[in-house]
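K.L.:
Below is one structure. I have some questions about it.
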Amino acid sequence: MIYIHWISLVIYAVIIIGTMLAVVMDNRQPAKTMAWLLVLWFLPLVGIVLYFFFGQNTRKERFISQRSLDELTKRSMLEFAEQRNLRLPESHKALMQLYTNQSMALPFKDNEVKIYTSGYEFFPALLAAIGHARHHIHLVSFIFNDDPLGRLVADALIDKAREGVEVRVIYDDVGNWKVRSSFFERMRDAGIDVHAFMPVKFPAFTSKANYRNHRKLCIVDGKVGFIGGMNIALRYVKGTPKQPWRDAHLRIVGGAVYAIQRAFLVDWYFCDRTLITDRKYYPEPDEYVDNDCLAQVVTSSPISAWPEIMQGYVRILLEAKRYVFMESPYFLPTEPILFAMRTAALAGVDVRLMVPLRGDSRIVDWASRSYLQEAAEAGVKVYLYKAGFNHSKLLISDDSLCTCGSTNVDFRSFEHNFESNVFFYHEGMALRMKKVFLDDQKDCIMIDELMMKERRPYLHRLWESLIRLLSPLL
551 MIYIHWISLV IYAVIIIGTM LAVVMDNRQP AKTMAWLLVL WFLPLVGIVL YFFFGQNTRK
611 ERFISQRSLD ELTKRSMLEF AEQRNLRLPE SHKALMQLYT NQSMALPFKD NEVKIYTSGY
671 EFFPALLAAI GHARHHIHLV SFIFNDDPLG RLVADALIDK AREGVEVRVI YDDVGNWKVR
731 SSFFERMRDA GIDVHAFMPV KFPAFTSKAN YRNHRKLCIV DGKVGFIGGM NIALRYVKGT
791 PKQPWRDAHL RIVGGAVYAI QRAFLVDWYF CDRTLITDRK YYPEPDEYVD NDCLAQVVTS
851 SPISAWPEIM QGYVRILLEA KRYVFMESPY FLPTEPILFA MRTAALAGVD VRLMVPLRGD
911 SRIVDWASRS YLQEAAEAGV KVYLYKAGFN HSKLLISDDS LCTCGSTNVD FRSFEHNFES
971 NVFFYHEGMA LRMKKVFLDD QKDCIMIDEL MMKERRPYLH RLWESLIRLL SPLL
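Here it is as structure tokens:
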């Protein structure tokens, strides 16, 4: 028996050491490597399970062959999207070129945009657009809950499918683990083509549980597009019992709808392995929009060669002349983002960051506290939103550029999730989004004021610093 005991220990040690070597040889950011090594060292058994589910790197893997992706791109949007007299502003041409080179994210002019800052505004607009659909509805949502709102949206989609409208739905498998399969089966039975994004089934795809589709997109007839931060769940209207919900979502009519359509169809190929390239999905617009509102829909994912949206945020922060305002429900920044924020603030740029006073995850709140203090010490003005849970993901810079989408300022969004943001290079749009930020700022307290009132014990600060070590994994 004693031999079995020692043999088991040797096998166990080999597995632990082998896993740690695999983490080191993966050549990730040192902070993430050290976080995984600490987990494996101090929680060896639990650590291996966590690494198996959430730690394996997929950025080098190719779930979509580049040849097929190129075919999808060339046979669809590029073939039908014709833009005359397109002028790119010199001040942001390099940023637009970065996104174009990274993920074929083309800028589109002539866009009309409505901003929704609550579910009470957004969901009636979404249901109205669905009700007017005549040809197709494409929808991807990280969460599609089986609650009164989710069933209302599902019923609207089912009605259109029965009318002969093509309806395609993608939901994230992990984001909807608590949703009964019968909810989606009812839509399938009605003729809706529904796919779970990267299903996690043991043992296949188990290591992909960490890489989720966090996008929230809807395209109706190729003419109206929605993009932003709101999932399909009742709490995005009513909030939680403890606090109301604040969010941001956009309705777009114009050239950028082509780009939102392409983002969905790439995801659809990912899930269904069907290339949808017909011109009818890129129709001529019913509403003629003639303005200089330039928009660029940018997607990022763990299988891209580079973290596109994070690269763009770094460039915006380092190129800003006057200000950068940011809203994010979570703040666990990668080192490049934190470095860029500190550098901009120390250079005299008015950098403001808004996060919720009370988040929806205690462990994330603990991990983010030291990051917020570090940013504040470098001159970043940190605002804590106290009127509810602010789930908005916004960035505005110099009255000339702004973005809204699904990307949080954290490791998960920048490195693990499939995300989508729309960037606007237009003064009018930037000023509108700036007003949203300044209105939210009225419901905030600055972190300096909170720190003066709150004297946290040493053990609290030690705990926050220890949890911070795990921030690359949260």
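Numbers given in my numbering equal positions in the sequence shown, counted from 1, plus 550. No residue lacks a Cβ here, since even glycine has one placed at the ideal position from N, Cα and C. Computed from a predicted model, the values in this text were never measured in an experiment.
Check whether the segment 878-887 and the segment 851-866 touch, using three or more Cβ-Cβ pairs below 8 angstroms as the test.
P.N.:
Yes, the segment 878-887 touches the segment 851-866.
K.L.:
One question on the structure: do residue 968 and residue 850 come within less than 9 angstroms of each other, judged by their Cβ atoms?
P.N.:
One-based indexing of the sequence shown puts residue 968 at position 418. One-based indexing of the sequence shown puts residue 850 at position 300. It is a contact, given that the beta carbons lie within the stated cut-off.
K.L.:
Applying the 10 Å Cβ sphere with the 16-neighbour rule, what's the burial state of residue 877?
P.N.:
Taking the first residue of the sequence shown as 1, we reach residue 877 at position 327. Classification of residue 877: buried, given that the 10 Å Cβ count is 16 or more.
K.L.:
Can you give me the C-alpha to C-alpha distance between residue 997 and residue 708, rounded to a whole angstrom?
P.N.:
Locating residue 997 in the sequence shown gives position 447, counting from the first residue. Locating residue 708 in the sequence shown gives position 158, counting from the first residue. Spanning the two alpha carbons is a distance of roughly 47 angstroms.
K.L.:
Taking buried to mean at least 16 other C-beta atoms within 10 Å of its own C-beta, is residue 966 buried or exposed?
P.N.:
The sequence position of residue 966 within the sequence shown is 416, counting from 1. When all chains shown are included, residue 966 counts as buried.
K.L.:
For the 8 angstroms Cβ check, are there 3 or more pairs between the segment 710-720 and the segment 673-689?
P.N.:
Output reads yes: the segment 673-689 touches the segment 710-720.
K.L.:
Using the Cα positions of residue 637 and residue 812, report the straight-line distance between them to the nearest angstrom.
P.N.:
Your numbering for residue 637 matches position 87 in the sequence shown. Your numbering for residue 812 matches position 262 in the sequence shown. Cα to Cα, the separation comes out at about 22 angstroms.
K.L.:
By DSSP, does residue 955 sit in helix, in strand, or in coil?
P.N.:
Position 405 of the sequence shown, counted from the start, is the residue given in the question as residue 955. Here residue 955 sits in strand by DSSP.
K.L.:
If contacts are defined as beta-carbon pairs under 8 angstroms, then residue 787 and residue 669 qualify, I think. What distance do you get, rounded to the angstrom?
P.N.:
Taking the sequence shown and counting its residues from 1, one reaches residue 787 at position 237. Taking the sequence shown and counting its residues from 1, one reaches residue 669 at position 119. Rounded, the Cβ-Cβ distance is 3 angstroms, consistent with contact.
K.L.:
Within 10 angstroms of the Cβ of residue 906, are there 16 or more other Cβ atoms? Answer buried if so, exposed if not.
P.N.:
Walking along the sequence shown from the start, residue 906 turns up at place 356. So residue 906 ends up on the buried side.
K.L.:
Using DSSP with H/G/I as helix, E/B as strand and the rest coil, what is residue 843?
P.N.:
Here residue 843 refers to the residue found at position 293 of the sequence shown. Residue 843: coil per DSSP, three-state reduction.
K.L.:
Apart from the five residues just before and just after residue 896, which ones in its own chain have a Cβ nearer than 8 angstroms to its Cβ?
P.N.:
Sequence index remark: in the sequence shown, residue 896 carries index 346 (1-based). So the qualifying residues of the chain are 928 and 929.
K.L.:
Going along the chain, which residues of its own chain have a beta-carbon closer than 8 angstroms to the beta-carbon of residue 642, five neighbours each way excluded?
P.N.:
Looking up residue 642 in the sequence shown gives position 92. Cβ neighbours of residue 642 beyond the five flanking positions: 950, 951 and 975.
K.L.:
Could you tell me which whole beta strand (DSSP E) segments of length 3 or greater appear in the segment 824-903?
P.N.:
List check, beta strand (DSSP E) in window: 844-850 and 873-877.
K.L.:
How would you call residue 938, buried or exposed, if buried means at least 16 neighbouring beta carbons within 10 angstroms?
P.N.:
On the sequence shown, position 388 is the one that residue 938 refers to. Counting Cβ neighbours within 10 Å, residue 938 comes out buried, since at least 16 surround it.
K.L.:
Given that a residue counts as buried once 16 or more other Cβ atoms are within 10 Å of its Cβ, and exposed if not, what is residue 824?
P.N.:
In the sequence shown, the residue the question calls residue 824 occupies position 274. Exposed.
K.L.:
Using three-state DSSP, classify residue 742 as helix, strand or coil.
P.N.:
In the sequence shown, counting from the first residue as 1, residue 742 sits at position 192. Residue 742: coil per DSSP, three-state reduction.
K.L.:
When the Cα of residue 941 is compared with those of 661, 922, 712 and 781, which residue comes out closest?
P.N.:
Taking the first residue of the sequence shown as 1, we reach residue 941 at position 391. Residue 781 is the option with its Cα nearest to residue 941.
K.L.:
Going straight from the alpha carbon of residue 1044 to that of residue 915, what length do you get?
P.N.:
Limits of the chain in this structure are 551 at one end and 1024 at the other, which puts residue 1044 out of reach.
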